[in-house]
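Engineer: Counting in my numbering, the sequence shown runs from 1 upward without gaps.
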Amino acid sequence: MIYRKTGDWLAAKAGDDVLMMSAENDLYIGLSGTSARIWELLDTPCDLDTLCEHLVAAYEVDPETCRREVRTFLNDLVERNVIEVAGGDAG
């Protein structure tokens, strides 16, 4: 599955954080730390394996934990219509 950003969200960096707004849904989200890094990596649509390769190289996390936690985060973003899945269902 390839994850990609939906076109509805505006995002701006604030230090190390990312502040996001959906004008369509009148929602606001703040991302920090690893979640902000994942958002940056999604500038280029990619799959879970690619995201985890970057994160395991950058942070002290084992691959299994990374996959589990990133999958949960991505599923949350899909449910909020922040990102979408190409080529199948999230999960």
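Virtual Cβ for every residue (Gly too), placed ideally from N, Cα, C.
Being a predicted model, the structure only gives us computed values, none of them experimental.
Within 10 angstroms of its Cβ, does D89 collect 16 or more other Cβ (buried), or is it exposed?
Structural biologist: Mapped onto the sequence shown, residue 89 falls at position 89. Note that D89 scores 47 on pLDDT, short of 50, meaning its location in the model is unreliable; the coordinates nonetheless yield the value given after this. Exposed: under 16 other Cβ atoms inside 10 Å.
Engineer: Here's the rule I'm using: 16 or more other beta-carbon atoms within 10 Å means buried, otherwise exposed. How should Y3 be labelled?
Structural biologist: Locating residue 3 in the sequence shown gives position 3, where the first residue counts as 1. Answer is buried; the Cβ neighbour count reaches 16.
Engineer: Thinking just about the alpha-carbon of each residue, which of E79, L51, N81 is nearest to the one in E69?
Structural biologist: Walking along the sequence shown from the start, residue 69 turns up at place 69. Selected option, being the one with the closest Cα: L51.
Engineer: In terms of residues, what are the limits of the beta strand (DSSP E) holding R4?
Structural biologist: Locating residue 4 in the sequence shown gives position 4, counting from the first residue. R4 -> beta strand (DSSP E) spans 2-5.
Engineer: For the structure I just gave you, are there three or more beta carbon pairs, one from the stretch 55-71 and one from the stretch 10-21, closer than 8 Å?
Structural biologist: no
Engineer: So, for E98: in the same chain, excluding its five sequence neighbours on each side, which residues have a beta-carbon less than 8 Å away from its beta-carbon?
Structural biologist: Residue 98 lies beyond the stretch modelled for the chain, which goes from 1 to 91, so this question has no answer here.
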